Amino acid sequence: MSGAVSGKGAAVEVRAVEKRFGNVGIIRDLNLSVAEGERHAIIGPNGAGKSTTFNLISGHIAPTSGEVKLNGDVISGLRPFEINRRGLSRSFQVTNVFARMTVWENVRCAVLWATGHRYAFWKNVDSLPEVRERTARILDDIHLTHRRDVPAGLLTYAEQRELEIGITIASGATVVMLDEPTAGMSHAETDRAVSLIRRLTEGKTLVIVEHDMSVVFGLADRISVLVYGHIIASGTPEEIRRDPKVKEAYLGEEAH
Amino acid sequence: MTTAATSTAKVAADAAGGSLRFYGVWLIGIVVLIVLPMIFSSGGSLTSFSLIGIAIVFALSYNILLGQTGLLSFGHAVHYGLGGFAACHMMNAVVSHGWPIPLPFIPLFGGLGGLMFAMIIGWVMTKRAGTVFAMISLGIGELVASSSLILRSVFGGESGITTDRTALPKLLGWSFGPQLQVYYLIAFWLVLSAIAMYALTRTPLGRICNAVRDNPERVQFIGYDPHVVRYIAFCFAGFFAGIAGGLAAINFEIANSAYLGAIQSGLVLFSTFIGGTAFFFGPILGAILVTYLQLGLTNLTTAWQLYFGIIFIGIVMYAPGGIAGLLMMHRPLIRAGTLWTVIPSYLVAIVPTVALACGVILAIETVARFSGGDAINLFGIAFNPTSPVTWIAAAVLVVGGFVVARLTWRRIAEAWDRAGTVARDRGYLA
Amino acid sequence: MLELIVISTLNGVLFGMLLFLLSSGLTVIFSMMGVLNFAHASFYMLGAFFGFQLTKWIGFWPALVVAPLLVGAIGMAVERYGLRNTHKHGHVAELLLTFGLAFAIEEIVSMIWGKSPLDYRVPALLDFPAFTIFSTNYPAYKIFMLAVSVIIFVALLIVLKRTRVGLIVQAALTHPHMVGHLGHNVGRVFMAVFGVGSALAALAGVIAGPALVTQSDMAASLGPILFVVIVFGGLGSLPGAFIASLVIGLVQTFAVALDGSLASAFGPLDPSAGPSVLTDVWNVTIAQVAPIVPYLLLVVILIVRPMGLMGTRES
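Chains as they are written, first to last, in the UniProt record's numbering: chain D, 1 to 256; chain G, 1 to 430; chain E, 1 to 315.
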């Protein structure tokens, strides 16, 4: 099957989106629907356009045609910060933190807009109780409280990945998109990260791109398979496991 | 949750201890500013202190852009100069209309002058950051500096706009004729602006400026428009630069096109970068050093600007954190108690490094004075610029100094590695 | 009037071609290395001063070759010992390094040759009028300058289109991120590009020196215009730099040549109005406005098309 189950309660809905760079179509007729509260994984071989899909949904790049909806409102064409303010937050595949600022500052900056302090230049940032509490709670959640005063650029790789997740969820967005959160991690670190993601996205809509199949099948409620910029299958992990098209196009070549 | 609670408590405790130290530093600064003219009361030193005070405000305003927001501007003097002109026109207007505005309020109008231009031009300029912003700031700087010579009624052409600070209404019996009173006026505004600019770094906006500096792309995904952030920062920088310009207008009782020019923009960049952009006090150090050198060197040598250039290049290449960065590097070592292990290597390095510096100075002065034939006086030894002895001495000092100094610098690096490892083990260095 | 148009067009194209000799090097260096070389105009100035000095010692024609080679060597040294070490601190640090360098070069030049204009004469061989249009003699030297610029332009085109190095440079222009994958000799390619760019700037300096003013502030006055050219044309675009060079060359030359003002066209304002901004603007001649025209163009392009004429990249 192709296309998406459209209907009420879709947190994210991608309809007939195309993206071309010059003459090259990276994404063609992309349809995807993620229900509210669902954990949805996007898988596919390298170069299938998974990150491009993320960039299209989060406003990093604009689609050539088609539309993206967030909670029923069209968001395609909006700037990333406008989409973020509507409750969609994403992480990056390559760690993308504020390198010269401390761990504490990193998370706090991500809390500021959502707590309504915006561009305020008349408030002392250190004496905003709700900002402080929320920042402390998130640091605690991502197990980085003991590293709070270390510049983010000096953290270990795994710590930076955790901080990346912390920044992403800090605004309290209802739709969280994680781009390969466990890439480059050891087994132990991956297990830790998965339980972290599971806990932090409780009750939220999660869209995740991941290469590690154990992570995908352990975490996701539904899975979409992206091949050459097109979704060839979408369904529960069991359905995907059985789908012959998926086996042929993807699992066959990469499942060990 | 319990960990969260304790960490919040720890934050509060840190804040209390920090605030005590914090107010202490500011109080000491204010006391120094008050006492300084009582110790050094000569006219020359009062003038120097006044100039340094103005330079500090200007450099701090520049660091809102460079250090806080990551915007490299080659045209910051535009706001300084427009602030100066605004202040001059305001002073003349106060005198001719008899408004009851005393002199100490004038710098505010300078600030508004700088702010207004920043608000008008800033939105277009801050669309893009990085290299493009740098080039655009240069272009706008040239545009304003050249326009100032055309719009004679506003900028007074080549001669500028003059004013008389003593003609304004008196405040508490102060006429602001004597330099001492002008000094205190500048010191007052210095303290006020420095506190305001420091406070700015501790607001939500100030922190987001840092985030934009570090990673403008990511800022968009935490809800902020980096363009707006840059624009607001640009306006603040323009405002405080305008205050500095207003103070300069009061000090010199004139504003002319030199205020707006590329040299002024270059000097503030030098001061800020040499002092160090990563720490709030960096630009203060830089402004003191550069102004002091500028005043001191102009009498000694015609090539004083070249020395700035060389110092600047040296800092860019070897110590991009500036003087403040070099000083603050040692903090974890002091805390870990390993500072003493690097000191000996410093002492060893001083000798060849000073020799190298002397060689460079000798070489520069030889070239500078070759046609004039004035003797070079270096530490009481006279050198004749046309004599081959001088050339050989310079060459030996430069080459020999460099070869030996490089060895000693390597020793410093090794000593640092050892001290750093210990500090890291003791948990004072990440 | 026709005379003015013909002469100014010639002069404008000439100035534009000179600008392109500089902006092409600047563009290629920027695209490949990400460095905006603030000292590029300083290399142009060094070219003029070296040209002057070498002309005195060995004559103009040898100087035409030797001066650019010397400056090219300086450029390579700057890349090798300066920029390469600064690279780890980021592009802002590199820009600052070249800024400091530009400052130091200006000081050194004025220390050695003084601050007043030099008596850098047109070589005797070319010191005759090439042709006469209406009543104006057009100097042969300017034709020579034009010829040199065009030859270099054609040579650059051939190198870019026909050689391996040219292909690398072209690839770097369109895909700057790919430069890192060039392989082990990337350092040497950078050094060579920087050297050639500096040498071209110096060549422009040697030939422009006798025709324009050779003075220690020539870099400071030309540098900002150069940056306007590459922003106006679109960062990283050679065709953009070419068009922008010609546009700015022509516009500025025509502005200098035209001696009109609003006052001369419509008569003076009522004198009772007294001095004001309006009377300033009314009385200013187009020639007086000439220095600010490039910057006005910059502001306009920023509002209308922020990525520049032919630019594709946002930053």
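In this text, a Cβ means the ideal position worked out from N, Cα and C, and glycines have one as well. None of these values were measured; they are calculated from a predicted model.
Cβ-Cβ separation between residue 316 (chain G) and residue 26 (chain E): approximately 20 angstroms, too far for a contact (criterion under 8 angstroms). Pairing residue 167 (chain E) with residue 30 (chain D), the inter-Cα distance amounts to about 37 angstroms. Boundaries for residue 177 (chain D): no alpha helix (DSSP H) harbours it, while the beta strand (DSSP E) harbouring it runs 175-179, taken from the DSSP string. In terms of Cβ geometry, residue 68 (chain E) and residue 203 (chain E) form a close pair [threshold 8 angstroms].
Per DSSP, residue 40 (chain D) is one residue of the beta strand (DSSP E) stretching across 39-43. About 6 angstroms separates the beta carbons of residue 249 (chain D) and residue 232 (chain D), which is inside the 8 angstroms limit, making them a contact pair. Counted as a single uninterrupted DSSP element, the alpha helix (DSSP H) harbouring residue 101 (chain E) occupies residues 91-113.
Secondary structure of residue 146 (chain D) (DSSP, three-state): helix. In chain E, no part has a C-beta under 9 angstroms from the C-beta of residue 166 (chain G); the shortest such distance is about 26 angstroms. Neighbours of residue 303 (chain G) in chain E, taken as residues whose beta carbon is under 8 angstroms from its own, are 107, 111 in chain order. Per DSSP, reduced to three states, the secondary structure at residue 132 (chain E) is strand.
Distance from the Cα of residue 49 (chain D) is smallest, within the candidate group D:205, D:154, D:234, D:229, for D:229. Contact annotation: residue 93 (chain E) and residue 320 (chain G) have beta-carbon atoms nearer than 8 angstroms. With contact defined as three or more Cβ pairs closer than 8 angstroms, the stretch 154-162 of chain D and the stretch 231-246 of chain G are not in contact. With contacts defined by Cβ atoms closer than 8 angstroms, residue 398 (chain G) and residue 363 (chain G) form a contacting pair. Contact between the stretch 67-82 of chain E and the stretch 8-17 of chain E is not established, with fewer than three Cβ pairs separated by less than 8 angstroms. With contacts defined as CB atoms closer than 8 angstroms, residue 66 (chain D) and residue 80 (chain D) fail to qualify as a contacting pair.
In the DSSP assignment, residue 19 (chain D) forms a beta bridge with D:27. In the structure shown, residue 68 (chain E) adopts helical secondary structure according to DSSP, grouped into three states. Per DSSP, reduced to three states, the secondary structure at residue 233 (chain D) is strand. Assigned with DSSP and collapsed to three states, residue 49 (chain E) falls in helix. Rounded to whole angstroms, residue 109 (chain G) and residue 265 (chain G) show a C-alpha spacing of 21 angstroms.
Around the beta-carbon of residue 244 (chain D), fewer than 16 other beta-carbon atoms lie within 10 Å, marking it exposed. Cβ proximity to chain E below 7 angstroms picks out 303, 305, 306, 309, 310, 312, 313, 316, 317, 320 from the stretch 298-331 of chain G.
A Cβ of chain G is located within less than 8 angstroms of the beta carbon of residue 119 (chain D). For residue 150 (chain G), at least one C-beta of chain E is nearer than 8 angstroms to its own C-beta. Between residue 251 (chain G) and residue 56 (chain G), the C-beta gap is not smaller than 8 angstroms, which leaves the two residues out of contact. From the listed residues E:206, E:290, E:100, E:219, the smallest Cα separation to residue 55 (chain E) is found for E:206. The beta-bridge partner set that DSSP reports for residue 65 (chain D) consists of D:18. Contact with chain G is absent for residue 149 (chain E), since none of that chain's Cβ atoms lies less than 8 angstroms from the residue's Cβ. It is roughly 14 angstroms from the alpha-carbon of residue 95 (chain D) to the alpha-carbon of residue 101 (chain D).
What residue 222 (chain G) touches in chain D, judged by beta-carbon distance under 7 angstroms, is 84, 109, 110, 113, 167, 171, going in chain order. Residues 104 of the same chain have their beta carbon placed closer than 6 angstroms to that of residue 185 (chain G), with the five preceding and five following residues left out of the count. Contact between residue 28 (chain D) and residue 36 (chain D) is ruled out by a C-beta separation of about 27 angstroms, above the 8 angstroms threshold. When the Cα atoms are used, residue 259 (chain E) and residue 246 (chain E) turn out to be separated by approximately 21 angstroms. Of all residues in the stretch 24-47 of chain E, only 30, 34, 35, 36, 38 come within less than 9 angstroms of chain G when Cβ atoms are compared, listed by chain position.
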